[in-house]
Amino acid sequence: MKIVSGGQTGVDMAALEFARQNGLPYGGWVPKGRMNEDGRIPSQFKSLTETASEDVAERTRCNVLSSDATLIFVDGSFSPGTQQTIVFANEAERPHLVIDVRMGIATSSARTREWLKANPVSVLNIAGPRASEAPQIGAQVREILDRNLDLIRA
């Protein structure tokens, strides 16, 4: 399975780091200039493609459209970017699942596992809030993905 994400801090970077560190194929669309809220997206993420503009909505749309399904992590609230991801997934009729990490790691991991088993995916878009909106979500997402590595690697 290939992981795609948009390069923002928080969920996006957790997903990309997970893929890179586990030797999984990864990629995704990032805004022109490769910027996220921390500055420039690190150069070791070479498989990311810049969109034609700095508009983050374009990046979000491209990632939804270039994937088979989207896994969306939230921490209670839905940021405007997360809401836009859901809109794009619905418009494109792509399967998507919202996981609220407040359910706990075990429950979030189990729901993710069930959904991955039920939805054959070759390219998975992983999305959610940036670190400034949900400071702990990157580590939580990383643990959830680690617990599902066997399915993601298959």
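In the working numbering, the protein residues as written are 10 to 163.
Glycine included, every Cβ here is placed at the ideal spot set by N, Cα and C.
Note that the coordinates shown come from a computational prediction; the quantities given were computed from them, not determined experimentally.
A buried status is given to residue 14, since no fewer than 16 other beta-carbon atoms sit within 10 Å of its beta-carbon. Residue burial is scored here from C-beta neighbours: residue 19 has at least 16 other C-beta atoms within 10 angstroms and is therefore classed as buried. If you keep only unbroken alpha helix (DSSP H) runs of at least 4 residues inside the region 31-108, you get 65-74 and 89-100. Bounds of any beta strand (DSSP E) do not take in residue 110, whose DSSP letter is neither H nor E.
Look at residue 148 here: in three-state DSSP terms it is helix.
CA-to-CA, the gap between residue 109 and residue 52 works out to about 30 Å. Taking the CA atoms as reference points, residue 160 sits about 10 Å from residue 121.
With a cut-off of 8 Å on Cβ pairs, the region 38-53 is not in contact with the region 91-99, counting fewer than three such pairs. With 16 or more neighbouring CB atoms inside 10 Å of its own CB, residue 68 falls in the buried class.
A Cβ-Cβ separation of about 5 Å places residue 135 in contact with residue 80 under the 8 Å criterion.
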